[in-house]
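Engineer:
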Amino acid sequence: MLLLNHSRKYFNVKKWIIGSLTLALLAGCSSSEHDEQRQLEMMAQHRAGVLSAGLPIEYGPLSVMRVLAKNTVIEIMMIYNQDAKGAKPLNQVVDMSVNSYCTNSEVRANLDMGLAYNIKIRNTRGQLMVEKLISKNTCQSSS
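When the count follows my numbering, it moves up by one through the sequence shown with no breaks and lands on 161 for the last residue.
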């Protein structure tokens, strides 16, 4: 009887240790994912800060007016003057933008790490004409 009691205690202690180790591993994994998410958010904030430091930026009929970070997405708001001399059709501008983001090595490295860019293009009256999310998946599907 004494031996049976002793083995039950050993079994309960063993169960407790295994349960504690499992819980610690799960907590470690979730903490690691949280840290990774936080790091990506900080990278997005930094990138948005760097880009917004020189605003407004003008590229012919396209003007970058605002850059901000929302979680892991860098949101870029632009004004496109379709009536300006040399202005291209808006869908062509968007396609060229996606290509540029996917082929620029610095931007592509950010996309591969998990950041994304949300491009918002408005007309000169402020109406939203295009909103395009560019992510790692966007670049893979357009290749």
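Every residue gets a Cβ at the ideal spot worked out from N, C-alpha and C, and that includes glycine.
Per DSSP, what kind of secondary structure is residue 143 in: helix, strand or coil?
Structural biologist: One-based indexing of the sequence shown puts residue 143 at position 125. Residue 143: coil per DSSP, three-state reduction.
Engineer: Under a Cβ-count criterion, where at least 16 other Cβ atoms within 10 Å of its own Cβ denotes burial, should residue 87 be classed as buried or exposed?
Structural biologist: On the sequence shown, residue 87 is found 69 positions in, with the first residue counted as 1. That one is buried.
Engineer: Three or more C-beta pairs closer than 8 Å, one from the region 100-111 and one from the region 76-85: is that the case here?
Structural biologist: At 8 Å Cβ cutoff, the stretches touch.
Engineer: What is the DSSP secondary structure of residue 81, reduced to helix, strand or coil?
Structural biologist: Numbered from 1 along the sequence shown, position 63 holds the residue referred to as residue 81. If DSSP states are grouped into helix, strand and coil, residue 81 belongs with the strands.
Engineer: In terms of alpha-carbon separation, which member of 127, 136, 102 and 92 lies closest to residue 64?
Structural biologist: Counting from 1 along the sequence shown, the entry for residue 64 is found at position 46. Looking at the Cα atoms, 92 is the closest of the given residues.
Engineer: For the candidate residues 61, 145 and 153, whose alpha-carbon lies nearest to that of residue 115?
Structural biologist: As a first step, residue 115 is located in the sequence shown; it is residue number 97 there, counting from the start. The candidate whose alpha carbon is nearest that of residue 115 is 153.
Engineer: How is residue 88 classed by DSSP in three states: helix, strand or coil?
Structural biologist: Counted from its first residue, the sequence shown places residue 88 at position 70. Three-state DSSP puts residue 88 in a strand.
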